[in-house]
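Q: All letters in the sequence shown, in the order written, are residues 1 to 154 by UniProt numbering.
Mind looking over this structure? Questions follow.
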Amino acid sequence: MKETLEHGSPENRQVMEIARAQANRDAEAQREAENRDIALARLQAVVEAKDLELANLTNKMLALRRDIETIQTRQHREVSGGVNAEYLKNVLVEYLSFPAGSSERKVLFPVLAMLLQFDQSDLHRISEGSASVAPRQVKDISHNARRRSTAQIG
């Protein structure tokens with residue numbers, strides 16, 4: 001009886017042992033839950049850092065794409081002088097098709113100067129060059145070409 005009073009009845013001891021084992025399991029489960037929460041918090045921090053890194057890299061990529069587009073546009077303009085190359089070609093062909101010193105050339109020259117973005121230095125050099133060359137008469141050979149073509153036909 002003394003033992004029953006000191007340690008309780010065998011049923012009580014068994015219940016106490018089960019309760020102690022359950023308390024140990026509960027404590028272990030609590031530690032595991034805390035460890036999972038800590039690991040989850042760490043993983044969430046890593047994910048947030050990676051999301052921030054991804055956003056920064058995406059912004060850099062977009063900025064680089066804009067830079068590439070700007071550079072490509074600039075290169076295209078440098079190649080064509082910022083004007084439609086076909087239009088420039090047509091004006092140049094018209095200019096060259098008229099005789100030197102003609103009024104048509106005088107009218108077309110400012111257009112070419114604007115399209116080709118001549119600066120004052122360019123205009124000065126052109127002016128000096130054209131002043132040093134005496135205007136000469138251009139011989140009209142169109143009637144010779146007609147004569148040759150009719151001679152070949154007949």
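No residue lacks a Cβ here, since even glycine has one placed at the ideal position from N, Cα and C.
Measure from the alpha carbon of residue 117 to the alpha carbon of each residue in 88, 9 and 14, then state which is nearest.
A: 88
Q: How big is the Cα-Cα spacing for residue 22 and residue 60?
A: 56 Å
Q: Among 106, 100 and 114, which one has its Cα closest to the Cα of residue 84?
A: Comparing Cα-Cα distances from residue 84 to each of 106, 100 and 114, the minimum goes to 114.
Q: Considering residue 84, what are the terminal residues of the alpha helix (DSSP H) in which it resides?
A: Segment: none, residue 84 is in no alpha helix (DSSP H) and carries neither H nor E.
Q: Beta-carbon separation of residue 123 and residue 95 under 9 Å?
A: no
Q: Looking at the structure shown, is residue 67 part of a helix, part of a strand, or coil, going by DSSP?
A: Correct three-state label for residue 67: helix.
Q: Just to confirm, is the Cβ distance from residue 64 to residue 91 under 9 Å?
A: Contact check for residue 64 against residue 91 fails: the beta carbons are separated by 9 Å or more.
Q: According to DSSP, is residue 15 part of a helix, a strand, or is it coil?
A: helix
Q: Regarding residue 60 and the ligand GTP, is the C-beta to nearest heavy atom distance less than 8 Å?
A: Absence of the ligand GTP from the depicted structure is noted, as is the absence of any ligand whatsoever, leaving it without description.
Q: How long is the line joining the alpha carbons of residue 97 and residue 103, rounded to whole angstroms?
A: Distance between the alpha carbons of residue 97 and residue 103 is about 12 Å.
Q: Between the alpha carbons of residue 101 and residue 125, how many angstroms are there, rounded?
A: Those two C-alpha atoms are separated by around 17 Å.
Q: Have a look at residue 200 and residue 75 and give me their C-alpha separation to the nearest angstrom.
A: Outside the shown range of the chain (1 to 154) lies residue 200, about which nothing can therefore be said.
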